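Residue numbers (full-length UniProt numbering): 1 to 653.
Now the structure itself:
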């Protein structure tokens, strides 16, 4: 039993799935049956007519020399009766009490054209109205009987019915009576069968433009382009129709418009297939064969051939397309339940029901002939418009939901970034503090530490107090330099140079060396916001080295310090500090070192290293000849600062 139970468990999902699909199918079919039944009930209803006392149904029909009594509505068995049209004759009575009221003749429906005469005077010829002559229209007609023609008592009325196909002729009941009593029924039928189709055709034109734009913007969705083409063909068929009787200069265009019915149905069917997920196949062009054959027959044949082929090719093609669409939309609605598929399926049911009703009317199986297939096409337009609106609203909801989720994710990421940034900022602050401590330790070790070692060594050797004093003063000077470099000068190097100037003057005064300070440009040096203390200490020590070399080795009498701002070839400003003495100078080798003195060469290398660590350029020039050779004496140290100082000490070269 356990084995059977285990074997039965995998079948449960499939059984439940089939049960669910069966339930959906039954619900869908019941809904379509209700819609079809509602359409049948609506089609069986008649529009309100004028008072029955003015209705005329008994006529004498005269055709091919034979006269017989008929009762309207009348279905003619003929499909072509232009030379010998059926003639309906009757008598009506106008009471003498209604002589002051205008009377009219009201014809609610006829196929294809009529000519109405009262007392042998023609008062209406529908062949002059192309809209009234279309067989797929239910255009009513009304004509006011001139007062000079109408007389009290008996009056004769004659109606000639012109038939030119493609279907047989038809003449509905007529009314003859006061115009004010007949006109409301005429206006109602005009609203339903003339005005509303024009409104729907206008909406169809707008929908064609909208779908065309959507297809242009979304080329990968071919269904929009196909449906836009179908809508455009329908608009042309609605607004560009030409008269059906006789050969006209526009007869070729007329043929193309007639053939557009199966072409339009094929395009709509293609849209339904693509909408349901079907991919275009090579054999898809078969759908357009009836429309193409019909167009070719009209272009190379005559109108009679086209009218005959219309019933053979166009009408069945429209029905087959609707039937396939019903199956396809039902399958799509069951597999992917959504509003758009359901609305499209309901619209197809309405159109298919109306097409069957029209087919029964063509075969004279209904007591009246009112074609509703073209009018029911508006249901398709409404369904498509509602489906597109639903898809658009659903897309907006998806975008809003995605935007909401994205905002939440961005907010969470922002919080994480804030925490990470605070952590990185703390780490960077700790690293900067560690680097600053390391720099201070290195500076104190290189400067103050060396001086203190010298003091200890001198005191242990028992040398004179003069050497110890000089070493102590040098240590104090280096300590002040380190302390001054820690001051916040706001990137203005001129403040640091002001302190250095005072120390340099104090250093040069015991040696009777004059300091000539020159600020060539008004602003002195540019302000550098990225300037750090270790930049300042490197520059100041470089300048100290230049002044110390001039004091110890050059025997100079004057030292000139020139400060200026230069514009480079790239248009960027750079500060420049020049230290120049009038001493004896020295030779500089090809590698930029001082010739002879090892200690001096080491000092120059230190100066170049300090300049490189700050991203600056150092230029040394010196002349070793004396004044008796007719040349200038002295040494010049030119330090060109960078446009932007480096962020780290990694620039040391």
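Using N, Cα and C, we set each Cβ at its ideal position, and we do this for glycine too. Computed from a prediction, not measured in an experiment: that's the story for all the values here.
Cβ distance (whole Å) where residue 641 is taken to contact residue 618 below 8 Å: The C-beta distance from residue 641 to residue 618 rounds to 11 Å, too long to meet the 8 Å contact threshold.
Residue 233 and residue 206 closer than 8 Å at C-beta: The answer is no: Cβ separation not under 8 Å.
Separation of residue 353 from residue 170, as counted between CA atoms: Linking residue 170 to residue 353 through their CA atoms gives a straight-line distance of about 22 Å.
Within the region 265-292, ranges of the beta strand (DSSP E) (whole runs, at least 3 residues): If only uninterrupted beta strand (DSSP E) runs of at least 3 residues are considered, none is enclosed by the region 265-292.
Any C-beta of chain C under 8 Å from that of residue 22: Protein chain content of the structure displayed is limited to a single chain, and chain C is not contained in it.
C-alpha distance - residue 558 paired with residue 635, whole-angstrom precision: Distance between the alpha carbons of residue 558 and residue 635: 11 Å.
Three or more C-beta pairs below 8 Å linking the region 21-29 and the region 334-344: Using a Cβ-Cβ distance cut-off of 8 Å, the region 21-29 and the region 334-344 are in contact, since at least three pairs of beta carbons, one from each stretch, lie closer than that value.
Cβ-Cβ distance between residue 311 and residue 77 below 8 Å: no
Strand pairing of residue 565, partner residues [DSSP]: 575
Buried/exposed call for residue 497, threshold 16 Cβ in 10 Å: buried
Identified DSSP bridge partners for residue 54: Residue 54 pairs with nothing; no bridge assigned.
Sequence-distant residues of its chain with Cβ nearer than 8 Å to residue 123 (five each side left out): 105, 116, 117, 143, 144, 145, 146, 149
Counterpart residues of residue 67 in DSSP-defined beta bridges: 62
Which residues DSSP lists as bridging residue 525, in chain order: Residue 525 is not bridged to any residue.
Residue 237 classed as buried or exposed, judged by whether at least 16 other C-beta atoms fall within 10 angstroms: buried
C-beta atoms of residue 691 and residue 88 nearer than 8 Å: Summary: the structure shown does not reach residue 691, with the chain confined to residues 1 through 653, and so no result is reported for it.
Continuous alpha helix (DSSP H) stretch holding residue 354: start and end: 339-362
Rounded Cβ spacing between residue 379 and residue 358 (contact assumed at less than 8 Å): Rounded, the Cβ-Cβ distance is 15 Å, inconsistent with contact.
Continuous alpha helix (DSSP H) stretch holding residue 329: start and end: Start and end: 315-335.
Alpha carbon of residue 545 to alpha carbon of residue 562, nearest angstrom: 16 Å
Nearest-angstrom Cα separation, counted from residue 532 out to residue 411: Distance from the CA atom of residue 411 to the CA atom of residue 532, rounded to whole angstroms, is 36 Å.
Boundaries (first-last residue) of the beta strand (DSSP E) holding residue 174: 174-178
Buried/exposed call for residue 580, threshold 16 Cβ in 10 Å: buried
C-alpha gap between residue 22 and residue 391, whole angstroms: 27 Å
Proximity to residue 428 [Cα-Cα], best of 647, 168, 159, 66: 647
The alpha helix (DSSP H) enclosing residue 215, as first and last residue numbers: Note, residue 215: alpha helix (DSSP H), 196-217.
Sequence-distant residues of the same chain with beta carbon closer than 7 Å to residue 125, five excluded per side: 115
Buried versus exposed call for residue 518 [16 or more other C-beta atoms within 10 Å across all chains shown]: exposed
Proximal residues to residue 84 (C-beta, below 8 Å), its chain only, five neighbours per side dropped: 63, 64
Straight-line Cα distance separating residue 182 from residue 301: 43 Å
Backbone secondary structure at residue 582 - three-state DSSP: coil
Best match in 20, 51, 361, 318 for proximity to residue 180 [C-alpha to C-alpha]: 51
Cutoff 7 Å; reference residue 567; Cβ partners in own chain excluding five residues on either side: Closer than 7 Å at the Cβ level, and outside the excluded window around residue 567, lie 573.
Per DSSP, cross-strand counterpart(s) of residue 617: 640
Limits of the unbroken beta strand (DSSP E) element including residue 157: 153-162
Residues near residue 189 by beta carbon distance below 8 Å, same chain, minus five either side: 47, 108, 138, 140
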